[in-house]
Amino acid sequence: AQSVAQPEDQVNVAEGNPLTVKCTYSVSGNPYLFWYVQYPNRGLQFLLKYITGDNLVKGSYGFEAEFNKSQTSFHLKKPSALVSDSALYFCAVKRGNQAGTALIFGKGTTLSVSS
Amino acid sequence: NAGVTQTPKFQVLKTGQSMTLQCAQDMNHEYMSWYRQDPGMGLRLIHYSVGAGITDQGEVPNGYNVSRSTTEDFPLRLLSAAPSQTSVYFCASSPSGGSTDTQYFGPGTRLTVL
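These protein sequence lines map, in sequence, to chains Y and S.
Residue 96 in the working numbering sits at position 96 of the first sequence; the count goes up by one each step and never skips.
Residue 213 in the working numbering sits at position 98 of the second sequence; the count goes up by one each step and never skips.
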């Protein structure tokens, strides 16, 4: 069965420092991996996705993620954190390879950036 | 484009009441889905649809009904609300629902069942 794990409930980082939000996955076949961000009292916003090709994926708001097949990981990174990056981050994997595939979400990681 | 819209934003129900959460998208997407978000559990799929007239169950379908009479609309019905259905509900859509599709989410409906 496909699954996603976000091992940290919360990540704290100072503004200007690099940040990493961790995600590991378990999926049969090719993984299709996504990151979403949720700001307080808002819906989920798409950040980036890995489908195939370059292991380093660049997304919105300066975020990037590195796909590592051997470690089955897809960590979200940003070189210099902003206070406005504080939010709830979800990693997700697509199940199946046909129409109607659903996103399987991790439990989420709260990122807190202090000034 | 308005994207994915949901109404209402907030709702309080009493146990046993019924209601419909509305979801609409103006992107001509074939695939639409409903998730519920509970603290510490991420988002879980309730029902989904790959096109008008076609719906299927997700991970947690009990207590919910859906229909898809048009491409644009995908309402979620609670037949007899229970406190366990207190949650935040998100509707999402994507062009075809394929594995590489990006899903776009609505702003959510916060439901409390007393």
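Glycine is no exception: its CB is placed at the ideal position from the N, C-alpha and C atoms.
Among the options, nearest to residue i - alpha-carbon criterion
i, options, result
"S199/S", "A139/S, P123/S, D153/S and S211/S", "D153/S"
"F34/Y", "S114/Y, I104/Y, E15/Y and Q10/Y", "I104/Y"
"K77/Y", "A1/Y, S84/Y, V4/Y and N17/Y", "N17/Y"
"T170/S", "D216/S, R183/S, M142/S and S214/S", "R183/S"
"N68/Y", "T52/Y, V83/Y and A81/Y", "T52/Y"
"V11/Y", "A87/Y, S115/Y and N55/Y", "A87/Y"
"Q71/Y", "K22/Y, D9/Y, A1/Y and E8/Y", "K22/Y"
"P7/Y", "V13/Y, A81/Y and S73/Y", "S73/Y"
"T215/S", "L44/Y, A1/Y, Y50/Y and F90/Y", "Y50/Y"
"C91/Y", "A81/Y, N55/Y, A1/Y and L48/Y", "L48/Y"
Close beta carbons around residue i, own chain, < 7 Å, minus the five adjacent residues each side
i, result
"T120/S", "A139 and G221"
"H144/S", "S208, S209 and P210"
"T130/S", "A196, A197, P198, V228 and L229"
"F205/S", "Y150, Q152, L158, F220, G221 and G223"
"S127/S", "Residue identity check: residue 127/S is Val in the sequence provided, not Ser. Correct list, in chain order: T227 and L229."
Interface residues of chain S facing residue i [CB-CB closer than 7 Å]
i, result
"A5/Y", "The contacting residues do not exist; A5/Y stays about 10 Å from chain S at best."
"A102/Y", "S148, L160, Y163 and G173"
"K94/Y", "S214"
Own chain residues within Cβ distance below 8 Å of residue i, not counting five before or after
i, result
"L160/S", "S148, W149, Y150, G173, E174 and V175"
"G168/S", "R183 and S184"
"V83/Y", "E15, V113, S114 and S115"
"T217/S", "S209"
Chain-ordered neighbours of residue i on chain Y, where CB pairs are closer than 8 Å
i, result
"P222/S", "R42 and G43"
"Y179/S", "Under the 8 Å cutoff, chain Y gives no residues; its nearest Cβ is about 15 Å from Y179/S."
"Y204/S", "Under the 8 Å cutoff, chain Y gives no residues; its nearest Cβ is about 11 Å from Y204/S."
Cβ-based neighbour list, residue i, same chain, cut-off 6 Å, excluding 5 preceding and 5 following
i, result
"S3/Y", "S26"
"D141/S", "N116 and A117"
"L44/Y", "Y36 and Q38"
Cross-chain neighbours of residue i in chain S, by beta carbon under 8 Å
i, result
"F90/Y", "G157 and L158"
"Y32/Y", "S214 and T215"
"G106/Y", "G157"
Closer than 9 Å at the beta carbon, the chain Y residues around residue i
i, result
"F189/S", "Within chain Y, no residue comes near F189/S; the closest Cβ sits about 13 Å away, beyond 9 Å."
Within chain Y, the residues that residue i reaches when beta carbons sit closer than 7 Å
i, result
"Q200/S", "Neighbours of Q200/S on chain Y: none; closest Cβ ~19 Å, over 7 Å."
Cβ of residue i within 9 Å of any chain A Cβ
i, result
"L226/S", "Reference to chain A is not applicable here, since the protein chains of this structure are Y and S."
request  = Examine the Cβ distances between the segment 158-171 of chain S and the segment 139-148 of chain S and report whether three or more of them are shorter than 8 Å.
outcome  = yes
ask   = Is the number of C-beta pairs between the segment 36-43 of chain Y and the segment 12-28 of chain Y that are closer than 8 Å three or more?
value = no
Members of the segment 126-144 of chain S that neighbour chain Y once the beta carbon cut-off is set at 8 Å = Within the segment 126-144 of chain S, no residue qualifies.
task = Indicate whether the contact test is met: 3 or more Cβ pairs, each with one atom in the segment 55-71 of chain Y and one in the segment 107-114 of chain Y, closer than 8 Å.
result = no
inquiry  = I'd like to know if the segment 125-138 of chain S and the segment 191-198 of chain S are in contact, where contact means that at least 3 CB-CB pairs between them fall below 8 Å.
reply    = yes
Interface residues of the segment 36-70 of chain Y facing chain S [CB-CB below 9 Å] = Y36, Q38, N41, R42, G43, L44, Q45, F46, K49, I51 and T52
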